[in-house]
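Quick note, the sequence shown lines up with residues 9 to 334 if you use my numbering. Just so you know, even glycine gets a beta-carbon here, dropped at the ideal spot from N, CA and C. To start, the structure itself, in structure tokens.
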Amino acid sequence: MEEWPYQLVVHHLQFTLQAETSVHLGPQAGAQLRGAFWAALQQFACIDPTVRNDPHHQRHCPMCRLFALEVMDGQRGINPARPFAIRPPLPLIMGDDQVFMVGEQFSFGIDLYGDVADLFGYVMQAVYRMGNIGVGYGRGRFTIQQAQAINPLTRTTQELFERGHIIQTPGVPVTQTSVQQAVKLLPTHTLVLRFLTPTEITHNKGQVATRPEFNRLIPRLIERCQALETYYTETPAPTEVWRERHLELSQLSQAISLEKSHTHWVRIESGSRRTTERTSVSGFVGQAEFRGDIQPFLEWIIWGQSLHIGKNAVKGNGWYEIVKEG
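Quick look at the structure:
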């Protein structure tokens, strides 16, 4: 398979907040935070809402770059993967509500993918406005106490916000170099993943996988990596390279066994203020152990920690982490 370095970069933003009124988040807080993020951006970040379907407008409008990009020749439909994902606060038991009382602090993250990192100022302003608009049931309000950029692979952090003002832009992204360094630290024949938020993987024309079978995960992961690189980097790998990767890794994944699965299915729905519709954000959560020749997959598994996997990634679903030995 031809070598073609992955071009994406990921900026992990972490916001520490203080509840000014009671903040009541549902069992999948990511969906509520994503909705509030959209509502906040609506207030100020779209240059001209009347022309949102115009491709030229979409390329330059901050709101549309984050939420409304449409590509007519998109390989998986006209709506490509969004260039961000929410990292919600996690309840002690997945599926439970979370309530933060007045004065209590909590945090959530927004991961920015590829070239939308230049919209950091808009993201920061949107989070500030989210606190004024309110989030969750009853629209609880909050204030920003801290904003940081975090690289989970190198464990470096960068302060971005001080005394109500942005002091610098994010500068510690996850890159191909940091991923390759992380690969060297992992075993090559065993892998343990912890699925932190509901993860829904489909296969065979929409059939839902109820367990994290490796040969179901890998094709969806490679497709997500391809989609984000294709739409949000200047020099993505050619389609032929991705086709070859997908075929080879999908075939190799058949030999990886699911040795232990301590996962369970969580049924959750999220509602939309804009459409009033309810959609499923269900999926499996928990821990799974795989055995076999893991080496060919490690780079992409590490990227997946930043990119999420499966449906509703933008709402925080499909967030997993590698569990290291010891």
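Quick one: Cα of residue i to Cα of residue j, how far?
i       : j       : result
Arg-299 : Leu-306 : 13 Å
Trp-12  : Gly-144 : 43 Å
Thr-196 : Ile-302 : 5 Å
Thr-183 : Met-132 : 22 Å
Tyr-136 : Val-187 : 32 Å
Gly-169 : Phe-114 : It should be pointed out that residue 169 corresponds to Phe in this sequence rather than to Gly. Distance between the alpha carbons of Phe-169 and Phe-114: 16 Å.
Pro-35  : Val-107 : 10 Å
Leu-194 : Lys-332 : 8 Å
Asn-140 : Gly-38  : 18 Å
Leu-98  : Gln-313 : 16 Å
Gln-259 : Arg-149 : 49 Å
Arg-90  : Pro-70  : 13 Å
Pro-304 : Gly-179 : 29 Å
Gly-172 : Gln-156 : 13 Å
Asp-105 : Leu-21  : 23 Å
Pro-96  : Ala-190 : 24 Å
Glu-242 : Gln-15  : 8 Å
Pro-88  : Arg-67  : 14 Å
Apply the 10 Å Cβ neighbour rule to residue i and answer buried if 16 or more other Cβ atoms are within range, or exposed otherwise.
i       : result
Pro-244 : buried
Thr-210 : exposed
Asp-126 : exposed
Leu-25  : buried
Phe-52  : exposed
Gly-129 : exposed
Leu-100 : exposed
Met-102 : buried
Ser-265 : exposed
Pro-246 : exposed
Ser-290 : buried
Leu-225 : buried
Thr-40  : The sequence as given places Gln at residue 40; Thr does not occur at that position. Gln-40 comes out buried.
Val-18  : buried
Asn-212 : exposed
Asn-61  : exposed
Gly-43  : buried
Leu-315 : buried
Which partner residues of residue i appear in the DSSP bridge assignment?
i       : result
Val-107 : His-32
Arg-299 : Thr-198, Ser-265
Phe-292 : Thr-207, Trp-273
Asn-159 : Thr-164
Gln-26  : Gln-113, Thr-151
List the whole-angstrom C-beta distance separating residue i from residue j, where the pair is believed to meet the contact cut-off of C-beta under 8 Å.
i       : j       : result
Ile-94  : Gly-324 : 4 Å
Val-124 : Phe-92  : 7 Å
Pro-206 : Val-274 : 5 Å
Of all the beta strand (DSSP E) runs that stay within the bounds of the region 28-95, which reach a length of 3 or more residues?
-> 31-33, 92-95
Residue ranges of each beta strand (DSSP E) run of no fewer than 3 residues wholly in the region 251-285, ordered along the chain?
-> 265-274, 277-279
Hey, which unbroken runs of the alpha helix (DSSP H) at 4 residues or more fall wholly within the region 177-240?
-> Those alpha helix (DSSP H) runs which fall completely within the region 177-240 and span 4+ residues are 184-191, 222-240.
Can you list the alpha helix (DSSP H) stretches of 4 or more residues lying completely in the region 101-147, in chain order?
-> Look at the region 101-147 and you find these whole runs of alpha helix (DSSP H), each 4 residues long or longer: 128-141.
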